[in-house]
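So the protein lines, in turn, are chains A and B. Taking the working numbering, the leading residue of the first sequence gets 75, the next gets one more, and so forth. Taking the working numbering, the leading residue of the second sequence gets 11, the next gets one more, and so forth. Input: a single structure, listed below in structure tokens.
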Amino acid sequence: MGEALLSSKNQKILKDGFWDTNPITFQILGICSALAVTTQLKAAIVMSLGLTFVTAGSNVVISLIRNFIPPQIRIIVQLTVVSALVISIDQLLRAYMFDVSKQLSVFVGLIITNCIVMGRLEAFAMGNPPWKSFLDGLANGAGYSAVLIMIGIIREIFGSGTLLGFHVIPASFYAAGYVNNGMMVLAPGAFFLLGIIVWIQRSISGYKES
Amino acid sequence: MNTSSTRYTFIFAVIVCVVSAVMLSVFSEGLRPQKELNEELDVKKNILKAVALKEPLAPKMKGGDVLEVYDSKIEELVIDKEGHVVAGKTPKQLTGKDKDLYPLYIYKEDGRVMAYAFPIVGQGLWSTLYGYLAVEADATTIRGATFYKHGETPGLGGEIEKEWFQNNFKGKTIYSVKEHKLTPVVVVKGKAADVVSKDEYELSHHVDGITAATLTGKGVTELIDRWVRVYDAYLSKLRKI
Numbered sequence: 075m076g077e078a079l080l081s082s083k084n085q086k087i088l089k090d091g092f093w094d095t096n097p098i099t100f101q102i103l104g105i106c107s108a109l110a111v112t113t114q115l116k117a118a119i120v121m122s123l124g125l126t127f128v129t130a131g132s133n134v135v136i137s138l139i140r141n142f143i144p145p146q147i148r149i150i151v152q153l154t155v156v157s158a159l160v161i162s163i164d165q166l167l168r169a170y171m172f173d174v175s176k177q178l179s180v181f182v183g184l185i186i187t188n189c190i191v192m193g194r195l196e197a198f199a200m201g202n203p204p205w206k207s208f209l210d211g212l213a214n215g216a217g218y219s220a221v222l223i224m225i226g227i228i229r230e231i232f233g234s235g236t237l238l239g240f241h242v243i244p245a246s247f248y249a250a251g252y253v254n255n256g257m258m259v260l261a262p263g264a265f266f267l268l269g270i271i272v273w274i275q276r277s278i279s280g281y282k283e284s
Numbered sequence: 011m012n013t014s015s016t017r018y019t020f021i022f023a024v025i026v027c028v029v030s031a032v033m034l035s036v037f038s039e040g041l042r043p044q045k046e047l048n049e050e051l052d053v054k055k056n057i058l059k060a061v062a063l064k065e066p067l068a069p070k071m072k073g074g075d076v077l078e079v080y081d082s083k084i085e086e087l088v089i090d091k092e093g094h095v096v097a098g099k100t101p102k103q104l105t106g107k108d109k110d111l112y113p114l115y116i117y118k119e120d121g122r123v124m125a126y127a128f129p130i131v132g133q134g135l136w137s138t139l140y141g142y143l144a145v146e147a148d149a150t151t152i153r154g155a156t157f158y159k160h161g162e163t164p165g166l167g168g169e170i171e172k173e174w175f176q177n178n179f180k181g182k183t184i185y186s187v188k189e190h191k192l193t194p195v196v197v198v199k200g201k202a203a204d205v206v207s208k209d210e211y212e213l214s215h216h217v218d219g220i221t222a223a224t225l226t227g228k229g230v231t232e233l234i235d236r237w238v239r240v241y242d243a244y245l246s247k248l249r250k251i
């Protein structure tokens with residue numbers, strides 16, 4: 075200990091997770107959910123919050139018990155911690171935010187299988203103290219969220235003509251013959267966008283194939 | 011401490027299991043009343059929506075107020091295959107074992123029947139669709155339809171949960187006065203007025219579909235057909251045509 079909460083090392087952890095080793099654009103993890111929940115911005119935002127919370131939370135828990143976990147069963151222990159956390163959240167949503175939980179339905183459960191969560195547990199929390207692990211979870215969650223929200227915004231505007239459910243494309247456009255792009259609603263639209271975002275992010279961050 | 015020994019691994023696994031199991035049970039059981047209340051409220055809200063009772067569904071209405079309106083205006087019945095009311099049974103008591111027993115909800119205003127509502131369930135394109143259909147007191151005209159649970163593609167088939175689509179059902183008819191037989195509505199591909207003729211009779215049996223969600227629409231057509239036929243055992247007795 076004796077290290078400042080946001081020392082330069084810890085700042086690097088934040089920057090790495092968010093930018094330099096962004097889970098989606100650098101590690102190419104969490105692609106499935108990046109496609110599945112981004113047709114509408116609202117779902118993308120809630121999924122982002124959920125994943126960030128779970129990654130940070132499970133990182134802390136695993137980091138706390140990292141020295142006690144038998145190496146042979148570490149993966150299944152990680153999975154148990156993640157599942158318990160996610161199911162608890164799901165139950166809370168069902169009891170107190172019923173409408174949100176109805177909209178998310180399967181997506182909440184899907185957080186368990188998101189590779190980012192287990193990837194961070196295995197790569198970071200197993201070998202680092204709780205506070206650093208918490209920052210790492212937060213940063214990776216934020217990195218994931220940024221990409222998801224970008225894709226969500228583009229897909230909802232061009233696919234449905236709305237943003238967060240409000241119409242943003244004026245009716246006069248439709249009258250003039252404009253139609254919503256059906257591809258944006260389907261998975262291929264998300265793939266193209268994702269590819270472009272990965273490309274842009276990697277050219278700015280100077281990614282080199284090793 | 012040797013964390014790799016079989017004994018340690020075993021004990022650790024048991025502890026992890028017990029701790030998470032206890033935690034989840036506490037959450038699940040502790041929140042059960044609240045969850046059940048939510049589900050019941052959701053069902054009742056959807057019945058009110060189907061019979062087009064708007065006021066209790068305004069966002070500012072509290073759960074308790076919705077229940078109050080529901081209890082004072084909706085009568086719950088159970089009918090059998092022949093359309094007879096089963097005395098002493100309520101929809102709540104129905105379980106999966108009760109074959110050929112169906113819940114029916116009657117909306118009354120000052121003792122006068124306004125509408126009959128019943129659940130409709132069936133396959134869409136990707137998922138099972140759940141909703142309610144309500145017909146007017148004439149047992150012929152559709153008063154409203156809702157879909158509240160589904161797993162269709164958001165923006166395409168998922169539009170069935172939107173008001174604009176559900177409004178398409180209003181005023182359509184399930185009984186043909188020309189042929190004197192049951193003719194449930196058909197969800198068409200595109201706009202009904204473009205697909206069938208602009209004839210009023212034809213239009214009353216056809217509903218505008220959702221662009222790029224033809225198969226979901228087909229599912230909706232089939233499930234409405236199925237359930238209208240089930241409930242017709244009861245509804246046909248009310249029809250005075």
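Cβ atoms here follow ideal geometry from the backbone N, Cα and C, with glycine treated the same way.
{"Asked": "Kindly list the residues whose CB is nearer than 6 Å to the CB of B/Ala149, restricted to its own chain and excluding five residues on each side of it in sequence; keep chain order.", "Found": "Leu245, Leu248, Arg249"}
{"Asked": "Output yes if chain B places a C-beta closer than 9 Å to the C-beta of A/Tyr170; else output no.", "Found": "yes"}
{"Asked": "In chain A, which residues lie with their C-beta within 7 Å of the C-beta of B/Ala222?", "Found": "Gly256"}
{"Asked": "Tell me B/Glu146's beta-bridge partners as DSSP assigns them.", "Found": "B/Ala125"}
{"Asked": "Since A/Arg168 and A/Met200 are thought to touch, with beta carbons under 8 Å apart, how far apart are those beta carbons, to the nearest angstrom?", "Found": "About 32 Å; that fails the 8 Å criterion."}
{"Asked": "Quick check on the DSSP output: the beta strand (DSSP E) that includes B/Asp90 runs from which residue to which?", "Found": "84-90"}
{"Asked": "Any idea which residues DSSP pairs B/Gln133 with across the strands?", "Found": "B/Thr138"}
{"Asked": "For the beta strand (DSSP E) holding B/Pro113, just list the boundary residues, first then last.", "Found": "111-119"}
{"Asked": "So the candidates are A/Val174, A/Pro97, A/Thr187; which of them puts its Cα closest to the Cα of A/Val156?", "Found": "A/Thr187"}
{"Asked": "Quick one: give me the first and last residue of the beta strand (DSSP E) that B/Lys188 is part of.", "Found": "Taken as a continuous stretch (DSSP letters only), B/Lys188 belongs to no beta strand (DSSP E), as it is neither H nor E."}
{"Asked": "Does the count of Cβ pairs from the segment 208-216 of chain B and the segment 181-188 of chain B closer than 8 Å reach three?", "Found": "yes"}
{"Asked": "Thinking A/Ile98 and A/Ala108 are a contact (beta carbons under 8 Å), I'd like their distance in whole angstroms, please.", "Found": "6 Å"}
{"Asked": "Does A/Lys83 come out as helix, strand or coil in the three-state DSSP assignment?", "Found": "helix"}
{"Asked": "For A/Asp210 and B/Asp218, I'd like the C-alpha separation in whole angstroms.", "Found": "51 Å"}
{"Asked": "Between B/Gly8 and the rest of its own chain, which residues show a CB-CB distance below 7 Å, the 5 nearest in sequence each way excluded?", "Found": "The requested residue 8 of chain B is not part of the displayed model; chain B covers only 11 to 251."}
{"Asked": "In the DSSP assignment, find the alpha helix (DSSP H) that holds B/Phe175 and state where it starts and stops.", "Found": "173-177"}
{"Asked": "Closer than 9 Å by beta-carbon distance: list the chain A residues that pair up with B/Tyr142, in chain order.", "Found": "Within chain A, no residue comes near B/Tyr142; the closest Cβ sits about 16 Å away, beyond 9 Å."}
{"Asked": "Would you say B/Thr138 reaches chain A, if we count a Cβ-Cβ gap shorter than 9 Å as a contact?", "Found": "no"}
{"Asked": "Would you please verify whether the beta carbon of B/Phe22 is less than 9 Å from any beta carbon of chain A?", "Found": "yes"}
{"Asked": "What residues of chain B sit near A/Ala158, judged by a beta carbon separation below 7 Å?", "Found": "Ser30, Met33, Leu34"}
{"Asked": "So B/Lys211 is in the alpha helix (DSSP H); what residue range does that whole segment cover?", "Found": "Checking the sequence, you will find Tyr at residue 211 of chain B rather than Lys. That run of the alpha helix (DSSP H) goes 210-213."}
{"Asked": "Locate the beta strand (DSSP E) running through B/Arg153, then write down its first and last residues.", "Found": "152-159"}
{"Asked": "With three or more beta-carbon pairs closer than 8 Å as the criterion, would you say the segment 39-47 of chain B touches the segment 85-95 of chain B?", "Found": "no"}
{"Asked": "Output the distance between the C-alpha atoms of B/Ser14 and A/Ile143, rounded to the nearest integer angstrom.", "Found": "9 Å"}
{"Asked": "Residues in the segment 140-157 of chain A with C-beta within 9 Å of chain B's C-beta atoms, listed in sequence order?", "Found": "Asn141, Phe142, Ile143, Pro144, Pro145, Gln146, Ile147, Ile150, Val151, Thr154, Val155, Ser157"}
{"Asked": "So which residues on chain B does A/Val135 lean against when the C-beta distance must stay under 9 Å?", "Found": "Chain B residues near A/Val135: none, gap ~11 Å exceeds 9 Å."}
{"Asked": "Look up A/Thr236 in the DSSP assignment and give the residues it is bridged to.", "Found": "A/His241"}
{"Asked": "Per DSSP, what are the beta-bridge partners of B/His216 in this structure?", "Found": "B/Val196"}
{"Asked": "Please classify B/Tyr80: is it buried, with 16 or more other beta-carbons within 10 angstroms of its beta-carbon, or exposed?", "Found": "buried"}
{"Asked": "Quick one: is A/Gly233 near chain B, going by C-beta distance under 9 Å?", "Found": "yes"}
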